[in-house]
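Residue numbers (this note's numbering), protein chains in the order written: chain A, 734 to 844; chain B, 734 to 844. Reviewing the structure listed below.
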DNA sequence: ATTATATGGGCTATTTATAATCCAAATCGG
DNA sequence: CCGATTTGGATTATAAATAGCCCATATAAT
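See the structure below:
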């Protein structure tokens, strides 16, 4: 039985997922890595590599990101120092933001 | 009991995960959305939103990407048409690549 | 063509994530 | 300060992912 769709995904997140999956697969092949070799390096099973390269939404994001990192796919188009910079910058901004949110009035969206 | 570390993650993928988590949390607060409201919109539980904003590697990537999309966090710094373009470009490239990989000789890496 | 092997897919057992609670503490608006 | 509510964290039952097999097919190198 093919599992029939449990959740709904926006086309945006579905495309992002597919794109990441394709980039990983392409990078793996270009680096001449076997699915098994990649699985071993990532510490996961070959079957999971297959699901990752298929863009399965149910895969653990940690496994996907780790796999991407191994084959050299850059998330956020950024290297580590750049990401670290963004992290601390975001931390600073987050510190200034309210710690809990009150939906003022009835409006939930701004546009 | 705090679950003791099962897997190892590279610092790169851990940072990428944290960064995405922070961007989501920041975007949610800036949009004045309650964790419950965001959970409802994403079709997931509030507890999962908390783990997503904590950068938990075990979260399903579909749930994370969907949540990001809802609060307006752009994956790959790209809008939908841009991603679609990358998708088809990648498809074309993949078609030219070998369909299966043979580790030539003993070398697994190229550098 | 032949041979070795990579890939795709299915299957089951086990681990893990997720939902749905509930509670205590923190936070914000009045 | 007070009251309402958001948030964080724990717990438990359920659902789902993952690992580890297996087999058939496709692919690539010789």
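Glycine is no exception: its CB is placed at the ideal position from the N, C-alpha and C atoms. None of these values were measured; they are calculated from a predicted model.
Query - Spatial neighbours of residue 837(A) in its chain, beta-carbon cut-off 7 Å, leaving aside the 5 residues before and after - result: none
Requested in this report: Verify whether the separation of the beta carbon atoms of residue 820(B) and residue 755(A) is less than 8 Å.
Outcome: yes
Requested in this report: Spell out a yes or no on whether the region 789-803 of chain A and the region 745-762 of chain B are touching, meaning 3 or more CB-CB pairs, one atom from each, closer than 8 Å.
Outcome: yes
Query - Cβ-Cβ separation, residue 757(B) to residue 804(B) (assumed contact under 8 Å), whole Å - result: Confirmed, about 6 Å.
Report task. Determine the chain A residues that contact residue 755(B) at a beta-carbon separation under 8 Å, and present them in chain order. Result -> 820, 823, 824, 827
Requested in this report: Scan the region 800-820 of chain A for residues whose Cβ lies nearer than 9 Å to a Cβ of chain B and list them as they occur along the chain.
Outcome: 800, 801, 802, 803, 807, 808, 809, 810, 811, 812, 813, 816, 817, 819, 820
Requested in this report: List the endpoints of the continuous alpha helix (DSSP H) containing residue 826(A).
Outcome: If you look at residue 826(A), you'll find it in the alpha helix (DSSP H) that goes 813-829.
Query raised in the report: Any idea which residues DSSP pairs residue 793(A) with across the strands?
Result: 793(B)
Query raised in the report: Any Cβ of chain B within less than 8 Å of the Cβ of residue 839(A)?
Result: The predicted position of residue 839(A) is uncertain, since its pLDDT is 48 and thus under 50; no value can be drawn from it.
Query raised in the report: Does the beta-carbon distance from residue 759(A) to residue 827(B) come in below 8 Å?
Result: yes
Requested in this report: Measure the beta-carbon distance from residue 792(B) to residue 784(B) and round it to whole angstroms, keeping in mind my assumption that it falls under 8 Å.
Outcome: Confirmed, Cβ separation roughly 6 Å.
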